[in-house]
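Residue numbers (our numbering): 146 to 393.
Accompanying notes for the structure given below.
Following this line, the structure appears as structure tokens:
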């Protein structure tokens with residue numbers, strides 16, 4: 146009888162231990178609650194990482210404004226933190242690996258004179274020639290020099306006959322510079338208005354349009370054309386379910 150009672154206790158103890166492990170595993174594999182997302186998004190590390198990345202981007206925008214003939218007119222900031230999903234068994238995209246991921250997206254819109262396109266773009270390349278410049282386009286960028294020659298009337302369409310007026314310079318991992326087409330005889334491609342902000346709920350979501358009274362249409366009306374400097378989205382703060390943290 147005593148032996149049977151001991152065996153019963155041993156079995157119950159084992160079952161209880163397995164149940165605790167299962168609960169722990171489910172806890173780690175579960176989706177992050179809104180309360181935890183808000184807590185992590187407002188943590189000291191998240192705030193520090195957010196401020197550092199945004200400051201770096203704003204400093205780059207200030208440099209463009211000061212060292213090129215472009216005139217800064219509008220800055221948009223879209224900042225959001227999302228909680229991780231529960232364990233994904235089939236269509237895995239990695240969203241079940243973290244507790245929280247915070248992403249920042251910043252774009253800058255500039256006004257410019259459409260009658261001085263060659264000088265404007267050549268000036269951008271000159272700004273990028275300097276050592277340590279945050280402008281990733283210089284005169285060593287062959288395609289960009291072809292764009293300048295196109296606007297000077299020295300050569301045809303940079304991407305080949307029939308490709309139309311250029312409207313973009315691209316540097317992988319850095320920035321993309323787009324502008325209104327000003328010579329295209331057919332329908333011109335123009336910079337679009339940024340999407341309107343949804344209600345912000347800091348520190349989880351934040352949306353800024355600075356200044357709020359200005360839009361792309363206003364800049365085009367005032368200066369003649371618009372350039373858009375788009376920065377790639379930055380995942381500035383991630384907390385993985387295994388405890389690893391990326392960010393400050």
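Positions of the beta carbon are idealized from the N, C-alpha and C atoms, including for glycine.
The structure displayed is predicted, hence computed values, not measured ones.
Boundaries around residue 190 are those of the alpha helix (DSSP H), 189-212, since no beta strand (DSSP E) includes it. Sorting 181, 248, 213, 232 by C-alpha distance to the C-alpha of residue 197 places 248 at the top.
When secondary structure is reduced to three states using DSSP, residue 264 falls in the helix class.
Between the stretch 337-346 and the stretch 279-297, the count of C-beta pairs closer than 8 Å stays below three; the two stretches do not touch. Following the DSSP letters along the chain, one finds residue 321 inside the beta strand (DSSP E) bounded by residues 321-324.
Residues 246, 247, 248, 391 of the same chain have their beta carbon placed closer than 8 Å to that of residue 380, with the five preceding and five following residues left out of the count. For the pair residue 255 and residue 274, the Cα-to-Cα distance works out to about 21 Å. With a beta-carbon spacing of about 5 Å, residue 219 and residue 359 fall inside the 8 Å limit used to define contacts. Going by DSSP, residue 290 is part of the alpha helix (DSSP H) stretching over 287-296. Comparing C-alpha distances from residue 337 to each of 316, 364, 346, 328 shows the shortest one belongs to 364. Contact between residue 215 and residue 257 holds, since their C-beta atoms are separated by about 5 Å, short of 8 Å. Annotation for residue 314: no alpha helix (DSSP H) segment contains it, though the beta strand (DSSP E) segment containing it runs 313-315.
For residue 364, the enclosing alpha helix (DSSP H) begins and ends at 361-368. In the structure shown, residue 230 adopts coil according to DSSP, grouped into three states. Secondary structure note for residue 186: its alpha helix (DSSP H) is the uninterrupted segment 179-186. For residue 189 and residue 382, the gap between their C-alpha atoms comes out near 11 Å. Here residue 204 has 279 as same chain residues with Cβ atoms under 8 Å from its own Cβ, once five neighbours each way along the sequence are excluded. Taking a contact as a CB-CB distance under 8 Å, the pair residue 242 and residue 228 does not count as one, their CB atoms being some 12 Å apart. Collapsing the DSSP output to three states places residue 300 in coil. When DSSP states are grouped into helix, strand and coil, residue 350 belongs to the strand group.
Per the coordinates, the alpha-carbon of residue 272 lies some 47 Å from the alpha-carbon of residue 176. Pairing residue 194 with residue 200, the inter-Cα distance amounts to about 10 Å. Between residue 370 and residue 325, the gap from beta carbon to beta carbon is short of 7 Å.
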